[in-house]
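Okay, structure first, notes after.
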Amino acid sequence: METLRGIVVVLHLLSFATLFGTWLAELVNKQQRITRPMQWGMVAALVTGLALAAPWGLDFDLNYVKLGIKLLVLVIIGAVLGIGGSRQRRHQNNLPILFWSIGLLTVLNTGIAVLV
Ligand code: HEM
864 METLRGIVVV LHLLSFATLF GTWLAELVNK QQRITRPMQW GMVAALVTGL
914 ALAAPWGLDF DLNYVKLGIK LLVLVIIGAV LGIGGSRQRR HQNNLPILFW
964 SIGLLTVLNT GIAVLV
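Residue numbers are given in our numbering: position 44 of the sequence shown equals residue 907, and the series is strictly consecutive.
Following this line, the structure appears as structure tokens:
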């Protein structure tokens, strides 16, 4: 069971890496577009995160206040991805605040995950 949960943690980290890595690639390439892999990473982080938050019958406590905040931040990231993505389809460009908030909220969630 512990190994299985460990595998889900690896998948969770890869999801977060996909979301943040593809965001960073857009930043470096000066495109600042919302891309499909960002949405895949967000959905995968949500699914694996919820799976990790379930009771696994293992001997450790989860901080549900922290997980609730992470969930809220991820829902906001999802909303920004949705709003920004549809704006992009209509206007061919994006508001910088929408693009930047995706990266900054992802960093915030990483900080909450590791530091709190
Ligand atoms: C962009 C969104 C997210 C990011 C960047 C993120 C980041 C991380 C990171 C870096 C870890 C490893 C922490 C460590 O082992 O010290 C982690 C673990 C974890 N995350 Fe997330 N996460 C996100 C979303 C979520 C969501 C939505 C949930 C569930 C509501 C969640 C639940 C968990 C759980 C339960 C763990 C394992 C904690 C443990 O075993 O100690 N995460 N997350």
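C-beta: ideal position from N, C-alpha, C; glycine also.
Cβ-heavy atom distance, residue i to the ligand HEM, below 7 angstroms
| i | result |
| --- | --- |
| V977 | yes |
| V872 | yes |
| K893 | no |
| A942 | no |
| G912 | yes |
| N972 | yes |
| F962 | no |
| H954 | no |
| A888 | no |
| L934 | yes |
| L967 | no |
| L867 | no |
Best match in the options for proximity to residue i [C-alpha to C-alpha]
| i | options | result |
| --- | --- | --- |
| F962 | G945, L934, S878 and R868 | G945 |
| V979 | I932, G948, L968 and I960 | I932 |
| V872 | Q895, L967, A908 and K893 | A908 |
| V891 | G966, H875 and A917 | G966 |
| G984 | T898, R953 and E865 | No statement about residue 984 is possible, as the shown extent of the chain runs from 864 to 979 and does not include it. |
| A916 | F883, H875 and G948 | H875 |
| L971 | L958, Y927, F883 and V906 | F883 |
First and last residue of the uninterrupted alpha helix (DSSP H) at residue i
| i | result |
| --- | --- |
| V979 | Element bounds for V979: n/a, residue is neither H nor E. |
Worksheet entry | Contiguous alpha helix (DSSP H) assignments of at least 4 residues, all confined to the stretch 886-933 | Complete alpha helix (DSSP H) runs here, min 4: 899-916.
Practice prompt. Assess, as a yes-or-no matter, whether the stretch 884-893 is touched by the stretch 923-943 under the definition of 3 or more beta carbon pairs within less than 8 angstroms.
Written response: no
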